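Taking this note's numbering, the leading residue of the sequence shown gets 95, the next gets one more, and so forth.
Backbone N, C-alpha and C define an ideal beta-carbon position, used for all residues, glycine too.
Since the structure is predicted, the reported quantities are computational estimates derived from the model, not experimental observations.
Here is the structure we will look at.
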Amino acid sequence: MKIFIETKPSEQTCPCCGRKTSRIHDYRNQVIKDIPSQAKLVSLVLRKRRYACSCGKHFLEPYSFLPQYHRRTKRLDYYPILKCYNKVVTKVANKIY
């Protein structure tokens with residue numbers, strides 16, 4: 095299953111000079127793996143925005159759910175841990191009752 099997502103443009107801070115800019119240079123699509131939904135693999139197609147600063151630097155917009163240079167969401171990283179935790183809690187709960 096593919097889900098296409100895009101964020102709203104907003105003013106960003108240049109990592110090079112620290113100035114604010116809202117000038118968009120271009121867009122790039124990135125495929126990102128996410129947690130399964132209804133037993134189907136899920137891929138997010140993120141339309142990433144690249145900004146241009148007056149200092150000449152081009153930079154990508156930061157995303158809270160996606161660390162820089164990663165191809166999978168933060169919640170997919172924690173998904174196996176959560177699944178194991180739920181199984182352990184269920185087993186302990188069953189032994190108590």
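Residue of the options minimising C-alpha distance to residue i
{"i": "residue 154", "options": "119, 178 and 96", "result": "119"}
{"i": "residue 122", "options": "140, 136, 173 and 111", "result": "140"}
{"i": "residue 138", "options": "145, 106 and 169", "result": "169"}
Secondary structure of residue i, DSSP reduced to three states
{"i": "residue 174", "result": "helix"}
{"i": "residue 122", "result": "strand"}
{"i": "residue 169", "result": "helix"}
{"i": "residue 163", "result": "coil"}
{"i": "residue 181", "result": "helix"}
{"i": "residue 132", "result": "coil"}
{"i": "residue 151", "result": "coil"}
Closer than 6 Å: residue i CB and nearest the ligand HEM heavy atom
{"i": "residue 140", "result": "For the structure depicted, the ligand HEM is absent and the ligand set is empty, with no information on it obtainable."}
Cβ neighbour criterion (16 or more within 10 Å) applied to residue i
{"i": "residue 176", "result": "exposed"}
{"i": "residue 162", "result": "exposed"}
{"i": "residue 178", "result": "exposed"}
{"i": "residue 149", "result": "exposed"}
Beta-carbon proximity check, residue i vs residue j, cutoff 7 Å
{"i": "residue 151", "j": "residue 108", "result": "yes"}
{"i": "residue 95", "j": "residue 125", "result": "no"}
Problem set entry | Given 8 Å, three or more beta-carbon pairs between the region 102-118 and the region 129-141 | With the cut-off at 8 Å, the region 102-118 and the region 129-141 do not touch.
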